[in-house]
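Enquirer:
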Amino acid sequence: MTLRDATEADLPAIVEIYNATIASRMVTADLEPVTVESRRAWFATHQSPSRPLWVACEPAGTVCAWLSFDPFYPRAAYDGTAMIALYVAPTHRRLGRGRELLLAAIERAPGLGLHTLLGYIFGHNEPSLRLFAAHDFVRWGHLPRVAVLDGVARDLIIVGRRIIP
Numbered sequence: 022m023t024l025r026d027a028t029e030a031d032l033p034a035i036v037e038i039y040n041a042t043i044a045s046r047m048v049t050a051d052l053e054p055v056t057v058e059s060r061r062a063w064f065a066t067h068q069s070p071s072r073p074l075w076v077a078c079e080p081a082g083t084v085c086a087w088l089s090f091d092p093f094y095p096r097a098a099y100d101g102t103a104m105i106a107l108y109v110a111p112t113h114r115r116l117g118r119g120r121e122l123l124l125a126a127i128e129r130a131p132g133l134g135l136h137t138l139l140g141y142i143f144g145h146n147e148p149s150l151r152l153f154a155a156h157d158f159v160r161w162g163h164l165p166r167v168a169v170l171d172g173v174a175r176d177l178i179i180v181g182r183r184i185i186p
């Protein structure tokens, strides 16, 4: 797997991977697929060196996963904290891609000026909760029943890890 900064040419693959998660109601609070056009502004915010968007590619260059660093809160004192969003294509799940991306984020966070990483994970998304827990993220917050997915109220778990003591 090759890890690199995403380019605008990667946006269709990023959107395709994201949209593949929507129907499961496990990963995102979006209820309908998004479009490439609707994600252009989001993509533009990730052209900052401190909040990159990475893609993981197969040897042939096909994007198989992506990870973004998103602002936690828009106040200067929180600049060293980022929320991680991590998505893996259905054909590449359970192959360690998520683990590889998460480890890269942890390793490279200090170079991005980050001291704390967060994950916002639905309480019923056990695979993601296990992945983050396996890499020393702990539960820092529990927001009960804050999302409604197809009429079912779902919890949001906030996990965190301090990278620089």
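Just so we're on the same page, the working numbering is the position in the sequence shown counted from 1, plus 21. Where a beta carbon is used, it is the ideal one built from N, C-alpha and C, also for glycine.
Is the beta carbon of R175 closer than 8 Å to that of A168?
Expert: Result yes, Cβ atoms of A168 and R175 sit closer than 8 Å.
Enquirer: Evaluate S45 with the Cβ neighbour count: other Cβ atoms within 10 Å of its Cβ, from every protein chain shown; 16 or more gives buried, anything less gives exposed.
Expert: Under this definition S45 is an exposed residue.
Enquirer: Which runs of the alpha helix (DSSP H) at least 4 residues long sit entirely within the segment 110–184? Give them in chain order.
Expert: Fully enclosed alpha helix (DSSP H) runs of 4 or longer: 118–129, 147–154.
Enquirer: Which partner residues does L32 have in the DSSP bridge list?
Expert: According to DSSP, L32 bridges with nothing at all.
Enquirer: Residues in its own chain within less than 6 Å of Y39 by CB, not counting five upstream and five downstream?
Expert: Excluding residues within five positions, the ones whose Cβ falls inside 6 Å are Y108.
Enquirer: Three-state secondary structure (DSSP) at R61?
Expert: In this structure, R61 counts as helix in the three-state DSSP scheme.
Enquirer: Taking just the CA atoms, how far does G132 sit from G172?
Expert: Their backbone Cα atoms lie some 42 Å apart in a straight line.
Enquirer: Whose CA, out of L170, L152, P186, lies closest to the CA of V180?
Expert: It is L152 whose Cα lies nearest to the Cα of V180.
Enquirer: In whole angstroms, what is the alpha-carbon distance linking L138 and I185?
Expert: About 10 Å.
Enquirer: Given a cut-off of 8 Å on the beta-carbon distance, is the pair W75 and R25 in contact?
Expert: Yes. Within cutoff.
Enquirer: Put Y99 into one of helix, strand or coil per three-state DSSP.
Expert: Note: Y99 maps to helix in three-state DSSP.
Enquirer: So, are the CB atoms of A81 and F90 less than 8 Å apart?
Expert: Result no, Cβ atoms of A81 and F90 do not sit closer than 8 Å.
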